[in-house]
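Trainee: According to our numbering, the sequence shown is numbered sequentially starting from 104.
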Amino acid sequence: VNRPNLDFRGFAGQVTTGSISVGDSVQVLPAKVSSTVKSIVTFENELSTAERGQSITVTLDDEIDVSRGDVLVSDDTETKIANRFLATLLWMSEDSMVIDKPYWIKTRAKLLSGTIQTPNYKLNINTLEKCETADLSLNEIGQCVCEFDQDIAFQEYVQNPHLGSFII
């Protein structure tokens, strides 16, 4: 939230997919609250439209709650909301995964906690065979159910890497 004075309240971020224009109807996810884009501000000037890759501040017509890590999307979005995911993980810690241990999860600008269930399988990287396993060790790839302590907006990674990835 960008609030340099009492007369201005904007929401800073980067356009990661598509574009956004003044007058667009948007939803704030995961809260599912709607508003309309009042203005798009950059350090240099105001814009009527911002494209993918631009860092901007958006002001809205309504005083609604938008928090760090929330996502602004168009009303016709295919973005979903959940706190439980089937995910393919690349385990990058020297310590093996611990089932049901609380881990810190970083997704976009949001930090939350979550747990990981026993992997459905791990991938043999030489044969691509799916093998049974009780956990994942350094550099192993496996499919697990992850459960976060709160809902997040997401899309499948192949559709949108920005909304389909997280770091444990």
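No residue lacks a Cβ here, since even glycine has one placed at the ideal position from N, Cα and C.
None of the values given here were measured: they were computed from a predicted structure.
1. Taking the beta strand (DSSP E) that Ile271 belongs to, which residues open and close that run?
2. Determine the closest residue to Thr139 out of Ile202, Asp252, Leu163 and Phe257, with distance taken between C-alpha atoms.
3. Just to confirm, are Val174 and Gly113 a CB contact at a threshold of 8 Å?
4. Tell whether a beta-carbon distance below 8 Å holds between Ile271 and Tyr206.
5. Need the endpoints of the beta strand (DSSP E) that Glu154 sits in, please.
6. Could you pull the DSSP bridge partners for Val174 from this structure?
7. Kindly identify the DSSP beta-bridge partner or partners of Tyr260.
8. CA-CA distance, Phe251 and Pro222?
9. Out of Gln258, Glu232, Arg211 and Asp203, point me to the one whose CA is closest to Asp238's CA.
10. By the three-class DSSP mapping on this structure, what secondary structure does Lys83 have?
11. Give me whichever residues DSSP pairs with Ala212 in a beta bridge.
12. Using a Cβ-Cβ cutoff of less than 8 Å, which residues in the same chain neighbour Gln117 once the five nearest sequence positions on both sides are dropped?
13. According to DSSP, simplified to helix, strand and coil, what is Ile143?
14. Assign Ser196 to one of three DSSP states: helix, strand, or coil.
15. Quick check: what's the CA-CA separation for Val129 versus Thr210?
Mentor: In short, the structure shows the following:
1. Translated into positions along the sequence shown, residue 271 becomes position 168. Taken as a continuous stretch (DSSP letters only), Ile271 belongs to no beta strand (DSSP E), as it is neither H nor E.
2. As a first step, residue 139 must be located in the sequence shown, where it is residue number 36. It is Leu163.
3. To locate residue 174, count along the sequence shown from 1; it is residue 71. To locate residue 113, count along the sequence shown from 1; it is residue 10. Against a cut-off of 8 Å, the Cβ pair of Gly113 and Val174 comes out as no contact.
4. Position 168 of the sequence shown, counted from the start, is the residue given in the question as residue 271. Position 103 of the sequence shown, counted from the start, is the residue given in the question as residue 206. Yes, Cβ-Cβ distance for Ile271 and Tyr206 is below 8 Å.
5. As a working note, residue 154 is residue 51 in the sequence shown. Element bounds for Glu154: Thr152 to Glu154.
6. Numbered from its first residue, the sequence shown carries residue 174 at position 71. Answer is Leu132.
7. Position 157 of the sequence shown holds residue 260. Answer by DSSP bridge pairing: none, since Tyr260 is not bridged.
8. For the purposes of this step, residue 251 is taken as residue 148 along the sequence shown, with counting starting at 1. For the purposes of this step, residue 222 is taken as residue 119 along the sequence shown, with counting starting at 1. Answer to the nearest angstrom: the Cα atoms are 16 Å apart.
9. If you number the sequence shown from 1, residue 238 lands on position 135. Cα-wise, what sits closest to Asp238 is Asp203.
10. Nothing about residue 83 can be read from this structure; the chain reaches only from 104 to 271.
11. Reading the sequence shown from its first residue, position 109 is the one you call residue 212. Note: Ala212 sits in no beta bridge, so no partner.
12. Taking the first residue of the sequence shown as position 1, residue 117 is located at position 14. Correct list, in chain order: Gly156, Gln157, Ser158 and Ile159.
13. Here residue 143 is taken as the residue at index 40 of the sequence shown, counted from 1. The answer is strand: DSSP assigns Ile143 an E or B state.
14. Within the sequence shown, residue 196 is the residue found at index 93, counting from 1. DSSP places Ser196 in coil when its eight states are reduced to three.
15. One-based indexing of the sequence shown puts residue 129 at position 26. One-based indexing of the sequence shown puts residue 210 at position 107. So the alpha carbons of these two residues sit roughly 21 Å apart.
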